[in-house]
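S.K.: Sending over a structure as structure tokens; questions will come in a sec.
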Amino acid sequence: MALFDLLGRRWALRVLWELRGDSAPTFRQLQQRCDGVSSSVLADRLRELGQADLVEHAGEGYLLTRQGRALLERLAQLDAWASGWRPKETG
């Protein structure tokens, strides 16, 4: 699966964002942090993100892999750029 296809799936970026800390939240904790994502969708996203080597299951919880942390660093740069971006006004 191409990275942009994966990141464009519902809840994928949110899951990555919620895993940005040092703790390893359990499935239920992660589900609560994601404001109501269904358990089946969360399980699918975790599986897909794991297959992409972005997330790993560690003990009872989930963590970003080295690749996942590197991706979030790059996304933070995109977010910084986007905060100053303004579309051209037409008219």
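First residue of the sequence shown: 1, per the working numbering; consecutive thereafter.
Ideal Cβ placement from N, Cα and C applies to all residues, glycine included.
This one's a predicted model, so the numbers in the text were calculated from it and none came from an experiment.
Can you list, in chain order, the residues of its chain whose CB lies under 6 angstroms from that of L63, leaving out five sequence neighbours each side?
M.R.: Once the five neighbours on either side are set aside, the close Cβ partners of L63 are A24 and E56.
S.K.: Taking V15 as part of the alpha helix (DSSP H), name the residues at either end of that continuous run.
M.R.: First-last of the alpha helix (DSSP H) with V15: A12 to E18.
S.K.: Using the Cβ count rule (16 or more neighbours within 10 Å means buried), how would you classify R45?
M.R.: R45 is buried by the Cβ-count criterion.
S.K.: According to DSSP, L64 sits in a beta bridge with which residue or residues?
M.R.: Per DSSP, V55.
S.K.: Measure the C-alpha to C-alpha separation of L71 and L13 and round it to an integer number of angstroms.
M.R.: Answer to the nearest angstrom: the Cα atoms are 11 angstroms apart.
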